[in-house]
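Numbering (our numbering), first residue to last: 9 to 401. In this text, a Cβ means the ideal position worked out from N, Cα and C, and glycines have one as well. Everything numeric in this text was worked out from a predicted model, so none of it was measured. Below: one structure, written as structure tokens.
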Amino acid sequence: MTRRLTILGSTGSIGVSTLDVIRRHPQRYQVEALCAHSQIDRLFEQCLEFSPRHAVVRDEILAVELRRRLAAAGGATQVLSGPEALVRMAELPEADTVMAAIVGAAGLPPALAAALAGKKILLANKEALVMAGPVFMRAVQSGGARLLPIDSEHNAIFQSLPANYRGNPGESGVRGILLTASGGPFRKTPREDFARVTPEQACAHPNWVMGRKISVDSATMMNKGLEVIEARWLFDIPAENIQVLVHPQSVIHSLVQYVDGSVLAELGNPDMRTPIAQALAYPERISSGVEALDLLDVAALHFEPPDFERFPCLGLAYRALREGESAPAALNAANEVAVQRFLERRIGFADIPQIIARVMERTPVSRLESLDDVLAADAAARRVAERIVDGMG
Ligand code: NAD
Ligand code: MG
């Protein structure tokens, strides 16, 4: 059976890796829609290669330009624009599978639409689940969607859990989860030097090539904090049973501990095409272009505990999870604002956790029942974060 896909965020790091896997299996996958933001040169090339029925860009100005280029090249893709078009593509009747790979809160409305429309969702956009945890998981349930994690740690956990696992750790004999973390580029950098860190240094990850936002998140270790929250919702495991383990080589992608003492893990070279291919083909297996892991080359595996003092974002994420309801949405919004301002060189690297902590102190926790509640909590936290950043300038 040919699978028909909508790819949200096709021009990003995950989007490009997804298309690389799909390119290897043209008879299995048909691209129905490619959605991007502003990189129309890359989107144009992707449209010519994969001939999707639809493409989405940020606004009408870019859409006019893309239509002109496609017409000149003989492409038949219909070009749409704006956030509503992303939602339409996520619920497209012709598509059975949605790759959710937009970065940040902008990815939530289409990912939620895919859940309600009962799609097979390949979830890379962790921020959607962090912001909207209970609302999102209810939408997956009520829409009859199938949620498969792309984040390498969560994909490893998914592969290490029993095949029939349905959010029942106790009955499945699961004691807990060990989330591995590379520790990022500043694992050994003294805290005094954090104030001088530049965006270029923060984006130079030792093991993975990724978008700029997640690269900064890895450098502050907020990425691991977001992943703890993501794991809590994906696997219905309480925060106290999710432990972070620093493993600088990123060979073990995460582990599941069982009550009998067994520990199961997934290992591999750090390349996102592995989890993407695993989720695309699940429960089958397809080639991804990733080399086999050479354990003799790895020789030894190293581990250390996370440093909550030097990386306060990790503790802030656990705190948001304990506070519950809208607290993770506030954490995520504050982090998105702080990372953006750091990339614009308006604040320092060490200011990122400070801003998030202050936003969390000043934002009352509210109940989350609907997408509107989530978006309201997100907007409120962003306003507080912007005021704090302005006060720093
Ligand atoms: P990226 O910055 O490389 O790409 C982001 C994509 O989202 C681009 O296609 C961009 O056009 C699109 N986009 C951005 N803002 C948008 C908006 N407002 N509306 C519509 N589209 C928008 O990011 P990435 O590294 O590919 O990460 C994507 C997601 O996957 C993130 O949530 C990240 O945390 C997660 N993730 C990435 C990796 C990785 O290795 N890159 C690993 C695990 C999880
Ligand atoms: Mg990850």
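Residue-level contact to chain D via CB, Leu-351, 9 Å cutoff: As a matter of chain content, chain D is missing from the structure shown, which is built from one protein chain.
Ala-408 and Leu-376 closer than 9 Å at C-beta: Lying outside 9 to 401, the shown extent of the chain, residue 408 is not represented and no answer is given.
Gln-86 - partner residues in DSSP beta bridges: Answer by DSSP bridge pairing, in chain order: His-62.
Whole-Å CB distance - Ala-273 paired with His-162, under 8 Å assumed: Not confirmed; about 13 Å, so no contact.
Any non-hydrogen atom of the ligand MG closer than 8 Å to Ser-223 Cβ: No, the beta carbon of Ser-223 sits no closer than 8 Å to any heavy atom of the ligand MG.
Between the CA atoms of Leu-186 and Leu-253 - distance to the nearest angstrom: In this structure, the alpha-carbon of Leu-253 lies about 6 Å from that of Leu-186.
Distance between Asn-133 and Ala-114 (C-alpha atoms, nearest Å): Ala-114 and Asn-133: Cα-Cα distance of roughly 9 Å.
The stretch 352 to 361 / the stretch 312 to 325 touching (three or more Cβ pairs under 8 Å): In short, these stretches touch, since the Cβ pair count reaches three.
Gly-184, DSSP secondary structure in three states: Of the three classes helix, strand and coil, the one that applies to Gly-184 here is strand, per DSSP.
Nearest-angstrom Cα separation, counted from Gly-90 out to Pro-101: Using only the alpha carbons, I get a separation of about 19 Å.
Cβ-heavy atom distance, Ser-160 to the ligand MG, below 8 Å: Correct: Ser-160 has its Cβ closer than 8 Å to the ligand MG.
Selection from Ala-171, Leu-42, Arg-50 and Glu-57 that minimises the alpha carbon distance to Pro-118: Taking the Cα of Pro-118 as reference, the smallest distance to any Cα among Ala-171, Leu-42, Arg-50 and Glu-57 is reached at Leu-42.
Between the CA atoms of Pro-291 and Thr-10 - distance to the nearest angstrom: The alpha-carbon of Thr-10 is positioned some 15 Å away from that of Pro-291.
Beta bridge counterpart(s) of Ile-260 as assigned by DSSP: Beta-bridge partners of Ile-260 (DSSP): Leu-275.
Own chain partners of Val-347 with C-beta closer than 6 Å, once the 5 adjacent residues on each side are dropped: Correct list, in chain order: Lys-221 and Val-224.
Whole runs of the alpha helix (DSSP H) within the stretch 134 to 195, excluding any shorter than 4 residues: Look at the stretch 134 to 195 and you find these whole runs of alpha helix (DSSP H), each 4 residues long or longer: 134 to 151 and 160 to 168.
Cβ-heavy atom distance, Asn-133 to the ligand NAD, below 8 Å: Asn-133: yes, Cβ under 8 Å from the ligand NAD.
Cβ pair Val-24, Arg-61 closer than 9 Å: One thing to note: Val-24 has its Cβ no nearer than 9 Å to the Cβ of Arg-61.
Pair within 9 Å by beta-carbon distance, Ala-337 and Ala-385: Going by beta carbons, Ala-337 and Ala-385 fall inside the 9 Å limit.
Per DSSP, cross-strand counterpart(s) of Met-107: For Met-107, which the question treats as bridged, DSSP gives the partners Ile-15 and Leu-130.
Where Val-373 sits in the DSSP three-state scheme: Val-373: coil per DSSP, three-state reduction.
Backbone CA spacing between Ile-8 and Gly-276 [nearest angstrom]: There is simply no residue 8 to check, as the chain begins at 9 and stops at 401 in what is shown.
Rounded straight-line distance, which links the Cα of Trp-241 to that of Pro-142: When rounded, the distance between both Cα atoms is 7 Å.
Unbroken beta strand (DSSP E) run spanning Gln-35, endpoints: Segment: none, Gln-35 is in no beta strand (DSSP E) and carries neither H nor E.
Where Gln-47 falls: helix, strand or coil (DSSP): Coil at Gln-47, not helix or strand.
Between the CA atoms of Leu-379 and His-255 - distance to the nearest angstrom: Taking the straight line from one Cα to the other gives about 36 Å.
For Val-382, three-class secondary structure by DSSP: In the structure shown, Val-382 sits in a helix (DSSP, three-state: H, G or I).
Glu-235 CB to nearest heavy atom of the ligand MG below 8 Å: At least one heavy atom of the ligand MG lies less than 8 Å from the C-beta of Glu-235.
Three-state class that DSSP yields for Tyr-266 in the structure shown: Annotated three-state conformation of Tyr-266 is strand, per DSSP.
Heavy atom of the ligand MG within 8 Å of Asn-231 beta-carbon: Asn-231 Cβ: within cutoff of the ligand MG.
Burial state of Ser-408, where buried means 16 or more other Cβ atoms lie within 10 Å: The question about residue 408 has no answer here: the residues shown for the chain are numbered 9 through 401.
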